[in-house]
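Asker: Protein chains in written order, with the working numbering: chain A, 50 to 356; chain B, 50 to 356; chain C, 50 to 356.
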Amino acid sequence: MMWLNRDIVSIGDFSVDEIMEIIDKANKMVQYASSGHPERPLSGKIVATLFYEPSTRTRLSFESAAMRMGARVLGFGSLEGSSVAKGETLSDTIRIVNSYSDAIVLRHPAEGAARLASEFADVPVINAGDGAGQHPTQALLDIFTVWKESGPVNGKSIGFVGDLKYGRTVHSLSKALSMFDVSLYFISPEELKIPKHIKKDIEKRVPVRETKNLEDVIEELDVLYVTRIQKERFPDIEEYKKVAGIYVIRPSLISRGKKNLIIMHPLPRVDEIPPEIDHLPQARYFKQASYGVPVRMAILDLILRGE
Amino acid sequence: MMWLNRDIVSIGDFSVDEIMEIIDKANKMVQYASSGHPERPLSGKIVATLFYEPSTRTRLSFESAAMRMGARVLGFGSLEGSSVAKGETLSDTIRIVNSYSDAIVLRHPAEGAARLASEFADVPVINAGDGAGQHPTQALLDIFTVWKESGPVNGKSIGFVGDLKYGRTVHSLSKALSMFDVSLYFISPEELKIPKHIKKDIEKRVPVRETKNLEDVIEELDVLYVTRIQKERFPDIEEYKKVAGIYVIRPSLISRGKKNLIIMHPLPRVDEIPPEIDHLPQARYFKQASYGVPVRMAILDLILRGE
Amino acid sequence: MMWLNRDIVSIGDFSVDEIMEIIDKANKMVQYASSGHPERPLSGKIVATLFYEPSTRTRLSFESAAMRMGARVLGFGSLEGSSVAKGETLSDTIRIVNSYSDAIVLRHPAEGAARLASEFADVPVINAGDGAGQHPTQALLDIFTVWKESGPVNGKSIGFVGDLKYGRTVHSLSKALSMFDVSLYFISPEELKIPKHIKKDIEKRVPVRETKNLEDVIEELDVLYVTRIQKERFPDIEEYKKVAGIYVIRPSLISRGKKNLIIMHPLPRVDEIPPEIDHLPQARYFKQASYGVPVRMAILDLILRGE
Chain A
50 MMWLNRDIVS IGDFSVDEIM EIIDKANKMV QYASSGHPER PLSGKIVATL FYEPSTRTRL
110 SFESAAMRMG ARVLGFGSLE GSSVAKGETL SDTIRIVNSY SDAIVLRHPA EGAARLASEF
170 ADVPVINAGD GAGQHPTQAL LDIFTVWKES GPVNGKSIGF VGDLKYGRTV HSLSKALSMF
230 DVSLYFISPE ELKIPKHIKK DIEKRVPVRE TKNLEDVIEE LDVLYVTRIQ KERFPDIEEY
290 KKVAGIYVIR PSLISRGKKN LIIMHPLPRV DEIPPEIDHL PQARYFKQAS YGVPVRMAIL
350 DLILRGE
Chain B
50 MMWLNRDIVS IGDFSVDEIM EIIDKANKMV QYASSGHPER PLSGKIVATL FYEPSTRTRL
110 SFESAAMRMG ARVLGFGSLE GSSVAKGETL SDTIRIVNSY SDAIVLRHPA EGAARLASEF
170 ADVPVINAGD GAGQHPTQAL LDIFTVWKES GPVNGKSIGF VGDLKYGRTV HSLSKALSMF
230 DVSLYFISPE ELKIPKHIKK DIEKRVPVRE TKNLEDVIEE LDVLYVTRIQ KERFPDIEEY
290 KKVAGIYVIR PSLISRGKKN LIIMHPLPRV DEIPPEIDHL PQARYFKQAS YGVPVRMAIL
350 DLILRGE
Chain C
50 MMWLNRDIVS IGDFSVDEIM EIIDKANKMV QYASSGHPER PLSGKIVATL FYEPSTRTRL
110 SFESAAMRMG ARVLGFGSLE GSSVAKGETL SDTIRIVNSY SDAIVLRHPA EGAARLASEF
170 ADVPVINAGD GAGQHPTQAL LDIFTVWKES GPVNGKSIGF VGDLKYGRTV HSLSKALSMF
230 DVSLYFISPE ELKIPKHIKK DIEKRVPVRE TKNLEDVIEE LDVLYVTRIQ KERFPDIEEY
290 KKVAGIYVIR PSLISRGKKN LIIMHPLPRV DEIPPEIDHL PQARYFKQAS YGVPVRMAIL
350 DLILRGE
């Protein structure tokens, strides 16, 4: 496959074979993710991280990945410090940063920003989240986590719990997983159900089950993917508390699951996973976060060196 | 000439020979500006970028130049994150950062800040814009762009259009160009004419023509240097719209110019150059922005290694 | 002693022998502090600087030290640009950055934050100031300055002047110095006296003298450690002015001191040391600030390479 100079805009741009190629390469990078690649394959390269909205985890994870490969990093972590106040368009900023760097990692509040940027840049653009749109490297590191921590993706039963209506992560990850041979479970309150058009699309390819009760399906799951329920989604704080309380993950619930169940979360978490869960063998969300580095090392190497 | 440890405070500090030496060196750097200098001549050096007001383009351009030469970069991109809130004077901050770095790139809202800083630092200070004062590396990259994109500076007819009253860029660039054998055209509304003292100074050395009508002179120009007209300069928004509308660069106007006319702009642009111009062969403003890297690579090498 | 992977949380965690080992190593680093260690011993390592409140001097000093040793740096310089707004706990952020870096430098407004962080990180945590708590590398560079600029610490008479009540620096430094064979002088207005429990603790080990009058003791001092008196501590601005005015360091006062007296200050200073003092041979506060680099180079090398 052609990787050199390729933009990473949407997880939907990748075939299953391409996803598996990234996973395979990321797996080779794991050994270098905490010590640095001994050959510094990206030495001399500059990665620009343009974060039009703050996201510490994603930004630092990309920067760590770039540095572990020997590249250097420049950019900004928030709008303060950028020229946007002077009224510059995104396309002009991209055209300029294009001449300062070898790859652009873009986080932007507007859906479609990364696609637009990729049209104005000669260097490859990586979408690090564009509003309600895509965050493909998050989906890739999530799939890598399933593969690494739970074994082959095919055959897995994967449940998403929490806010499935607004969660960008759930939408693109469940779409990507539906390209594999999996069963998907969507567990949420009525108010936060997965959008119908996404569910319909997924149902064409894999079995889907929707429920309000995590208890009803916990025994069937190989992977429990928990997401945060945001207060702001509820007009009434009492309503929020009631709903949020139901989806807090308790050890007693986990003990009813499969022996090899793993718990994932895109983080940051608030109350939906209490600290007592952290010590259970099922908890893999910090491991998951750590996989951001090898997955992004693999992606940077693929698009900057083509292999 | 002695370059080692030299401060870059004002374009007025340089002779024509020195400017040509920088241009010559920058030209050699162009080939390394997008891939990095293979010898990493500034390896082990630290460049501090102290930006007391944000300027993404200038900061990232300096950081890219430093990294392309093998140097490392530390600093801040805006006041948030600096000690200024604690009441520290600029001279104290400079004396301290002096011991953390090998060169200081300073952006500051107060005119004269860079000169002051250069008196308190042992390491060389580069002025990256000090309020209404100077921005010498911008002038140098502009002259480099003329030279590279249009040929020898001597003999050129160069027109400045837009806000010539408040534009720091126009003031120092036109002064610098007047050391060469050029003709200068100042095209602006009555309200935004170039200050008399600057015009008088320039007229001592080169022919100057002043006009309100770009149409009257477009056929004579080799270089059209466009600047932004800022809304804030006009008490009446209707007045602004009338003036700004006149100086929008249209393809029909450009088609009347010389075959080899080039269009420059220090960026960011707003409405004065519409996107339809971007695709014309005359448009060189993104090229101009990209030359910030090789010009700054040359300057950093000259002052940090002396050659 | 075991240094590899050790957390640097409180100056109280170190024995006199360990402090002397750091001083000895820092002294060897001085020659590399402005040019970079030729062997780049920390090449391939990543140092994370997480500054939950801005402190330009401390952050840039750590970053310079890391870079001079060949390491790379990522992080944030202020809360803007961090995930804290999304409600993430410090312990979760630490667990994640733990997988992005080889050492974490933490500045946090809450006392005890660094100790907490060290419990959640596998990589070593360096406390770069935690509210009213500790700032151990500041104390270490202060002791290094005494040793380097004034000779062996044992036998010295060291006076602290200014705000001794709220100054974190004075508290931890005076405690650390009391492990040596020194005499300590606390010179302050009634309102800003050193807290009784600290004084009592110190008096167990070394002679202490407390006074309001710097004139009374200036002739006895080898080291005069000046601190800033903050306006905010006084309900009445007139009261502040009266007090602050008394403790301004004048050349006439300094001339009455020992020939080898040195003047230190943690910086930033405001009015307590006027610029006319800067040129006296006694003024060592900029030298002191510069020693932040070799001391932090030594610490990073000890905890990242164990030697």
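Glycine included, every Cβ here is placed at the ideal spot set by N, Cα and C.
1. When the Cβ atoms of the segment 308 to 328 of chain B are set against those of the segment 59 to 76 of chain B, are three or more pairs found closer than 8 Å?
2. Measuring CB to CB, does L310 of chain C end up less than 8 Å from I207 of chain C?
3. Which runs of the alpha helix (DSSP H) spanning at least 4 residues fall entirely within the segment 174 to 237 of chain C, listed in chain order?
4. Can you give the beta carbon distance from P256 of chain C to S223 of chain C, rounded, assuming they're within the 8 Å contact cut?
5. Mind pulling the chain C residues with CB within less than 8 Å of P343 of chain A?
6. Can you tell me where the alpha helix (DSSP H) holding M118 of chain C begins and where it ends?
7. Starting from H246 of chain A, trace the alpha helix (DSSP H) both ways and give me its first and last residue.
8. What are the boundary residues of the alpha helix (DSSP H) that includes A347 of chain C?
9. Assuming M118 of chain B and D350 of chain B are in contact, meaning their beta carbons sit under 8 Å apart, how far apart are those beta carbons, in whole angstroms?
10. Ordered along the chain, which non-local residues of its own chain (more than five positions away) have a Cβ less than 6 Å from that of A347 of chain B?
11. Pick helix, strand or coil for Y274 of chain B, following the three-state DSSP scheme.
12. Please tell me whether E240 of chain C and V195 of chain C are closer than 8 Å, where the distance is taken between their beta carbons.
13. Please compile the residues from chain C whose C-beta is within a distance smaller than 9 Å of the C-beta of F335 of chain A.
14. Identify the contact partners of M78 of chain C in chain B, using a Cβ-Cβ distance below 8 Å as the criterion.
15. Are the segment 154 to 162 of chain A and the segment 98 to 107 of chain A in contact at 8 Å, needing three or more beta carbon pairs?
16. Within the segment 145 to 178 of chain C, note down every full beta strand (DSSP E) run reaching 3 residues or more, in order along the chain.
17. Would you kindly check if the distance between the Cβ of S199 of chain B and the Cβ of V272 of chain B is under 8 Å?
18. When the Cα atoms are used, what is the spatial distance from R354 of chain C to I57 of chain C?
19. Suppose the cutoff is 7 Å on Cβ atoms and the five residues either side in sequence are ignored; what does the same chain contact list for K205 of chain C look like?
20. Kindly give me the distance between the Cβ atoms of R277 of chain A and G211 of chain A, rounded to whole angstroms, as I take these residues to be in contact under 8 Å.
21. Name, in chain order, the residues that DSSP records as bridge partners for L99 of chain B.
22. Leaving out five residues on either side along the sequence, give the residues of the same chain with a beta carbon under 7 Å from the beta carbon of R305 of chain A.
23. Residues of chain B with a CB under 9 Å from the CB of M69 of chain C: which are they?
24. Going by the CB atoms, is the gap between L109 of chain C and D141 of chain B shorter than 8 Å?
25. How close, in whole Å, do the beta carbons of G180 of chain B and A159 of chain B come, if the pair is a contact with beta carbons under 8 Å?
26. Quick check on this structure: which residue in B:M116, B:T218 and B:R345 has the alpha carbon closest to the alpha carbon of V122 of chain A?
27. Using a Cβ-Cβ distance under 8 Å, would E269 of chain A count as near chain B?
28. Could you spell out the range, first to last residue, of the alpha helix (DSSP H) harbouring V292 of chain A?
29. What's the C-alpha gap between E102 of chain B and E137 of chain B?
30. Please confirm if L119 of chain C has its CB atom under 8 Å from at least one CB of chain A.
31. Of all the options A:I303, A:E281, A:A162 and A:I352, which has the alpha carbon lying nearest to the alpha carbon of L139 of chain A?
32. Is N54 of chain A near P173 of chain A, with beta carbons less than 8 Å apart?
33. Can you tell me which residues form a DSSP beta bridge with R258 of chain C?
34. Of all Cβ atoms in chain C, is any one closer than 8 Å to the Cβ of G61 of chain B?
35. Interface residues of chain A around E112 of chain B at Cβ under 7 Å?
36. Pick helix, strand or coil for M69 of chain A, following the three-state DSSP scheme.
Answerer: Once the coordinates are examined:
1. In short, these stretches do not touch, since the Cβ pair count stays below three.
2. No, they are not a contact pair.
3. Taking 4 residues as the minimum length, the alpha helix (DSSP H) runs contained wholly in the segment 174 to 237 of chain C are 185 to 199 and 217 to 226, in order along the chain.
4. About 13 Å; that fails the 8 Å criterion.
5. Neighbours of P343 of chain A across chain C, judged by C-beta separation under 8 Å, do not exist; the nearest C-beta is about 10 Å away.
6. For M118 of chain C, there is no enclosing alpha helix (DSSP H), since its DSSP letter is neither H nor E.
7. H246 of chain A: member of the alpha helix (DSSP H) spanning K245 to E252, first to last residue.
8. Start and end: G341 to R354.
9. A Cβ-Cβ distance of about 6 Å is found for the pair M118 of chain B and D350 of chain B, placing them in contact under the 8 Å criterion.
10. Once the five neighbours on either side are set aside, the close Cβ partners of A347 of chain B are I71, K74, A75 and M78.
11. If DSSP states are grouped into helix, strand and coil, Y274 of chain B belongs with the strands.
12. Between E240 of chain C and V195 of chain C, the C-beta spacing is not below 8 Å.
13. What F335 of chain A touches in chain C: D141, R144, I145, N147 and S148.
14. Within chain B, no residue comes near M78 of chain C; the closest Cβ sits about 13 Å away, beyond 8 Å.
15. Counting Cβ pairs under 8 Å, three or more are found: they touch.
16. Runs found: 152 to 157.
17. Yes, these two residues count as a Cβ contact at 8 Å.
18. Using only the alpha carbons, I get a separation of about 15 Å.
19. Residues V195, S199, V231, D271 and V272 of the same chain have their beta carbon placed closer than 7 Å to that of K205 of chain C, with the five preceding and five following residues left out of the count.
20. Here R277 of chain A really is in contact with G211 of chain A; their C-beta atoms are around 6 Å apart, less than 8 Å.
21. Paired residues: B:F125 and B:L155.
22. Closer than 7 Å at the Cβ level, and outside the excluded window around R305 of chain A, lie I267 and E268.
23. Result: empty, since nearest Cβ-Cβ is about 24 Å, beyond 9 Å.
24. It is not a contact, given that the beta carbons lie outside the stated cut-off.
25. The Cβ separation is near 5 Å, so the contact holds.
26. The candidate whose alpha carbon is nearest that of V122 of chain A is B:M116.
27. Answer no: the Cβ-Cβ gap between E269 of chain A and chain B never drops below 8 Å.
28. Boundaries of the alpha helix (DSSP H) around V292 of chain A: I286 to I295.
29. Spanning the two alpha carbons is a distance of roughly 16 Å.
30. As written in the sequence, residue 119 of chain C is Gly, which differs from the Leu given in the question. Judged by the 8 Å Cβ criterion, G119 of chain C is not in contact with chain A.
31. Nearest to L139 of chain A by C-alpha distance, out of A:I303, A:E281, A:A162 and A:I352, is A:A162.
32. In this structure, P173 of chain A lies closer than 8 Å to N54 of chain A by Cβ.
33. Answer is C:Y234.
34. Output row for G61 of chain B: interface = no.
35. Near E112 of chain B (Cβ distances below 7 Å), the residues of chain A are L123.
36. If DSSP states are grouped into helix, strand and coil, M69 of chain A belongs with the helices.
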